[in-house]
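By numbering that gives the first Met the number 0, the letter at position 19 of the sequence shown is numbered 18, and the numbering carries on one by one without gaps.
Glycine included, every Cβ here is placed at the ideal spot set by N, Cα and C.
Nothing here was measured: the structure is a model prediction, and the numbers come from that model.
Everything on this sheet refers to the single structure shown next.
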Amino acid sequence: MPFPKTWYSQTSLPRETRAELLTDAECDVCIIGAGIAGLTAALELTRRGKRVIVLETHQIGWGASGRNGGVVSPGWAQGTDAIRKKLGLERAKALFQMSVEGLNIVKSNIAELALQGCDPSPGTIQVKRYDDHAAVKNYVESMQRDFGYPLNFLDTEQVRALAHTEKYFQGIEDPQAMHFHPLNYCLGLANAIESAHGRIFEHSKMLAWRPEGAIKTVQTTLASVRCKDLIFCAGGYGGNELQKLSRAYLPIATYVVLTEHLGASIKDILNSSAAFSDDRRASDYYRVVEGDRLLWGGRITTRNEQNEQALASMLKHDMVSVYPQLASAKIELAWSGLMGYSTNKMPNLGLLEPGVWACTSFGGHGLNTGSIGGRVIAEAVCGESDRYQLFKPYLLDWNGGPFGLLAANAIYQSLKVMDFVQERLRNR
0 MPFPKTWYSQ TSLPRETRAE LLTDAECDVC IIGAGIAGLT AALELTRRGK RVIVLETHQI
60 GWGASGRNGG VVSPGWAQGT DAIRKKLGLE RAKALFQMSV EGLNIVKSNI AELALQGCDP
120 SPGTIQVKRY DDHAAVKNYV ESMQRDFGYP LNFLDTEQVR ALAHTEKYFQ GIEDPQAMHF
180 HPLNYCLGLA NAIESAHGRI FEHSKMLAWR PEGAIKTVQT TLASVRCKDL IFCAGGYGGN
240 ELQKLSRAYL PIATYVVLTE HLGASIKDIL NSSAAFSDDR RASDYYRVVE GDRLLWGGRI
300 TTRNEQNEQA LASMLKHDMV SVYPQLASAK IELAWSGLMG YSTNKMPNLG LLEPGVWACT
360 SFGGHGLNTG SIGGRVIAEA VCGESDRYQL FKPYLLDWNG GPFGLLAANA IYQSLKVMDF
420 VQERLRNR
């Protein structure tokens, strides 16, 4: 299958084609999936001296890891308040600090490995679409008080000085978060893994696996891999070959478009280099790339719409509803991607059976959480920590089977209505 036509693939570093697995192989750890989670796990393991093989169905960064909005920020797909309610403050704090560690993993890898073409840019701003000054300020204060994480409160005047729209009210600025080129990051990690003697095989889909005592055998189309530990890092594009793990999350689609070069008129839209989003259930998220183009993402659906013209029209409508001044702007690229979403909005991360690990379903928040997930599983494989146990309350929640996608779509549509009604009522 060809590499998806995205801004990232058009501006990526040269993508060296890796060989398909053609002959049987042995290793300490076999990793399924060459996205952020799988590559991070592989890098962490090779640094610890493990013999690692990564099997990728398509190409490095082909899935969600290489075609997303490019924003790396703390937190999980599930909100901090919901995690705190389920697990209590202390465990919620531990999980939040791990999510910050995931952000720092990305930053340190870029710096220490001198990864080219990642173009990290600091800062994110999340905005309200209705006036809620007290609630936003309280959240900023609670994150500092309870989680030790500093955020900046922006009032409506400050937000609108940066984002020239009357749709937005208060905002939360996170100077520690960042945005970057995730595909080039994946390609850089792959090179680092191979430099540390790890092996990566593309176009090598896992068809099945079986335990043979302490050894696991992974079967691909043409060959097999025997390993002591097996880590599943496939996300929204994984299938039944993942066995019970495939019944613990759903493939959910999201969409991204890229405008033409807007020239000086970009300043009529944004006067900030930060990445923006709103706080709705399926928010708009966007940032400026190449100095004067908007890379705009949004919406989630259970049916993966892949018609570029339809996607362009759909997201252009969303853009213009926020920024009417974009009415004449042309959309030059449009693409979709599948995220792995569990029903609890937390990753499937942990031990499935002896020597078999899950590190997947990061729910559209995987650039930081997939990074810490890869590290945590690597630590567990090497006997260094049991931090993966923090995720046990979320592991392998059933996805609803044949009714899961229908239920997810119904929930999403109801949440959209709730967002719409809430926004209309509060803005009267």
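Query, Result
"Is the number of C-beta pairs between the region 226-242 and the region 79-89 that are closer than 8 Å three or more?", "no"
"So, are the CB atoms of A274 and E240 less than 7 Å apart?", "no"
"Pick from L44, V71, Q125: whose alpha carbon is nearest that of V99?", "V71"
"Using the Cβ count rule (16 or more neighbours within 10 Å means buried), how would you classify Q58?", "buried"
"Could you check how far apart the C-beta atoms of A357 and L366 are, in whole angstroms? I think they sit under 8 Å.", "Wrong, their Cβ atoms sit about 19 Å apart, outside the cutoff."
"What is the rounded straight-line gap between the Cα of R159 and the Cα of E165?", "7 Å"
"How would you call P13, buried or exposed, if buried means at least 16 neighbouring beta carbons within 10 angstroms?", "exposed"
"Reducing DSSP to helix, strand and coil, say where W6 ends up.", "helix"
"Quick check on the DSSP output: what are the complete alpha helix (DSSP H) runs of length 4 or more inside the region 39-100, in order along the chain?", "79-86"
"For A134, report the span of its alpha helix (DSSP H) as first-last.", "132-146"
"Touch check for the region 199-214 and the region 47-66: three-plus C-beta pairs under 8 Å?", "yes"
"Going by DSSP, what residues sit across from W295 in a beta bridge?", "V256, Y285"
"By the three-class DSSP mapping on this structure, what secondary structure does Y129 have?", "coil"
"Find out if the Cβ-Cβ distance for the pair P250, G238 is shorter than 7 Å.", "no"
"So for P323, helix, strand or coil by DSSP?", "helix"
"What residue does the beta strand (DSSP E) around C26 start on, and which one ends it?", "24-31"
"In three-state terms, what does DSSP make of A222?", "coil"
"Quick one: what's D278 bridged to in DSSP?", "Looking at the DSSP assignment, D278 forms no beta bridge with any residue, so it has no partner."
"Would you say F168 and K127 are within 7 Å of each other, going by their C-beta atoms?", "yes"
"To the nearest angstrom, how far is the alpha carbon of V255 from that of S8?", "13 Å"
"Checking 7 Å against the spacing of the C-beta atoms, do S335 and L182 come in under that value?", "no"
"Whose C-beta lies closer than 6 Å to the C-beta of A281 among residues of the same chain, with five residues either side of it excluded?", "R298, I299"
"Going by alpha carbons, who is nearest to G116 out of V288, I330, A309?", "V288"
"How is S245 classed by DSSP in three states: helix, strand or coil?", "helix"
"Short of 8 Å in beta carbon distance, which residues of its chain neighbour N151, apart from the five on each side in sequence? Order them along the chain.", "V139, I171, E172, D173, P174"
"In whole angstroms, what separates the C-alpha of D145 from that of G68?", "29 Å"
"Determine the DSSP secondary structure at S203, reduced to helix, strand or coil.", "coil"
"What's the C-alpha gap between C381 and C29?", "14 Å"
"Apart from the five residues just before and just after R244, which ones in its own chain have a Cβ nearer than 8 Å to its Cβ?", "This sequence places Leu at residue 244; Arg is not what is there. Hits under 8 Å: F231, G237, N347, L351, A357, T359, L395."
"Within 10 angstroms of its Cβ, does T368 collect 16 or more other Cβ (buried), or is it exposed?", "buried"
"Once the 5 residues before and after K49 are set aside, which same chain residues still bring their CB inside 6 Å of it?", "D27, V28"
"The beta strand (DSSP E) spanning Y340 covers which residue range?", "330-340"
"Using 8 Å as the cut-off, can you tell me whether the region 373-393 makes contact with the region 97-112, which would need three or more C-beta pairs spanning the two stretches below that distance?", "yes"
"Which of the three DSSP states, helix, strand or coil, is assigned to F361?", "coil"
"How should Q125 be labelled, buried or exposed, when 16 other C-beta atoms within 10 angstroms of its C-beta is the threshold for buried?", "buried"
"Looking only at its own chain, which residues have a Cβ that is under 6 Å from the Cβ of A377, when we skip the five neighbours before and after it?", "A40, E43, L44"
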